[in-house]
DNA sequence: GGTGCCTTCTTACCAAGGGTAAGCGGACGG
DNA sequence: CCGTCCGCTTACCCTTGGTAAGAAGGCACC
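Protein chains in written order, with the numbering used here: chain A, 730 to 855; chain B, 730 to 855.
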């Protein structure tokens, strides 16, 4: 899109496409939740992280964490002990993304009932 | 998760689950981009909207718009003319979500190069 | 009056992505 | 010697998304 940012400043289309891709990568349910949990709880190991995220599968947790590590959002520390212990901790970049998503969480909490009402209206109409 | 919000206030687990679901619904690439475009451009019709969102298919555009309408994020106005004309416009709720996502867009723009660098480091390592 | 076009969906079909569940590796407790 | 611990990984399947074609239906043109 030949978009403008919220201040009305025109954006280079090539940058625009890259940002869209990045948003596609990062605007993901699991990524957002991992971000939230790690921001609130600090360093955590794999299993505990999974326990704090109801509904996630091991596969998706692994995949999400790898992608986030690749993007530099978190650091994965392998402790060479038996049984294995792997800790995950947000980088400054990850923390800053967590802050950015914070507004979305607050929005979701604030508007939950309003959205449920809207859905109900939509579902029970001719 | 027995999470706390960013201010450290404990959250009811049931509310937590609902918020997670809502986030899963709303933290979607296409939803975010539609929100952005409509926030910047105001009312738009189907085809034009599609032209402003590179890479989206008609099917996903329809589906995304329906879901957003269901959630009360936008209003769909059908003008009974031939050929058909359908306009989409954000509600106040949709605009407020756009504001909330605004921080994420700015984050993405600001940290684009840093992320690309991180990816490159990750991909070219033993 | 047929032919074709316009726009907004919808649908049939296929590929890709996510869920489930089982296995692996390797020390240690019983 | 067998089970258990944890962090993955993999094989299989089902759901989801992309592609492309069509439907609806009045209008313009020949």
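Every residue, glycine too, gets a C-beta built ideally from N, C-alpha and C.
Roughly how many angstroms lie between the CA atoms of residue 841/B and residue 831/B, to the nearest whole one?
For the purposes of this step, residue 841/B is identified with residue 112 of the second chain, where counting begins at 1. For the purposes of this step, residue 831/B is identified with residue 102 of the second chain, where counting begins at 1. When rounded, the distance between both Cα atoms is 15 Å.
Is it buried or exposed for residue 784/B, if we count other Cβ within 10 angstroms and need 16 for buried?
Sequence index remark: in the second chain, residue 784/B carries index 55 (1-based). Its Cβ having fewer than 16 others within 10 Å, residue 784/B is exposed.
So, does the CB of residue 788/A fall closer than 8 Å to a CB anywhere in chain B?
As a first step, residue 788/A must be located in the first chain, where it is residue number 59. Cβ-Cβ to chain B under 8 Å: no for residue 788/A.
Return the CA-CA distance between residue 746/A and residue 811/A, expressed in angstroms with no decimal places.
Locating residue 746/A in the first chain gives position 17, where the first residue counts as 1. Locating residue 811/A in the first chain gives position 82, where the first residue counts as 1. Those two C-alpha atoms are separated by around 45 Å.
Residue 764/B versus chain A: which residues are under 7 Å apart at the beta carbon?
Residue 764/B sits at position 35 when you count from the first residue of the second chain. Ordered by position in chain A, no residue passes the 7 Å Cβ test against residue 764/B, which lies about 11 Å from the chain.
My guess is that residue 752/B and residue 761/A are in contact by the Cβ rule of under 8 Å, so how many angstroms apart are they, rounded?
For the purposes of this step, residue 752/B is taken as the residue at position 23 of the second chain. For the purposes of this step, residue 761/A is taken as the residue at position 32 of the first chain. The pair is a contact, with the Cβ atoms about 6 Å apart (cut-off 8 Å).
Who are the Cβ neighbours of residue 815/A in its own chain at under 8 Å, not counting the five residues just before and after it?
Against the first chain, residue 815/A aligns to sequence position 86. Contacts found: 774, 775, 805, 806, 807 and 808.
Going by Cα to Cα distance, which pick from 819/A, 791/A and 795/A is closest to residue 848/B?
Numbered from its first residue, the second chain carries residue 848/B at position 119. Cα-wise, what sits closest to residue 848/B is 795/A.
If the cut is a Cβ gap below 9 Å, which residues of chain B does residue 833/A touch?
As a first step, residue 833/A is located in the first chain; it is residue number 104 there, counting from the start. The contacting residues are 752, 755, 756, 826, 829, 830, 832 and 833.
Relative to the C-alpha of residue 764/B, which residue among 835/B, 837/B and 824/B is closest?
Counting from one through the second chain, the residue named residue 764/B turns up at place 35. If we check each option's Cα against that of residue 764/B, 824/B comes out closest.
Using alpha carbons as the reference points, say which of 754/A, 802/A, 744/A and 817/A lies closest to residue 779/A.
Taking the first residue of the first chain as position 1, residue 779/A is located at position 50. The candidate whose alpha carbon is nearest that of residue 779/A is 817/A.
In whole angstroms, what is the alpha-carbon distance linking residue 730/B and residue 744/A?
Counting from one through the second chain, the residue named residue 730/B turns up at place 1. Counting from one through the first chain, the residue named residue 744/A turns up at place 15. Because residue 730/B carries a pLDDT of 35, less than 50, the predicted location of this residue cannot be relied on, and no value is offered for it.
Taking 8 Å as the CB-CB limit, is residue 800/A close to chain B?
To locate residue 800/A, count along the first chain from 1; it is residue 71. Judged by the 8 Å Cβ criterion, residue 800/A is in contact with chain B.
So the beta strand (DSSP E) residue 802/A belongs to, where does it begin and stop?
Taking the first chain and counting its residues from 1, one reaches residue 802/A at position 73. That residue, residue 802/A, is in no beta strand (DSSP E); it is neither H nor E in DSSP.
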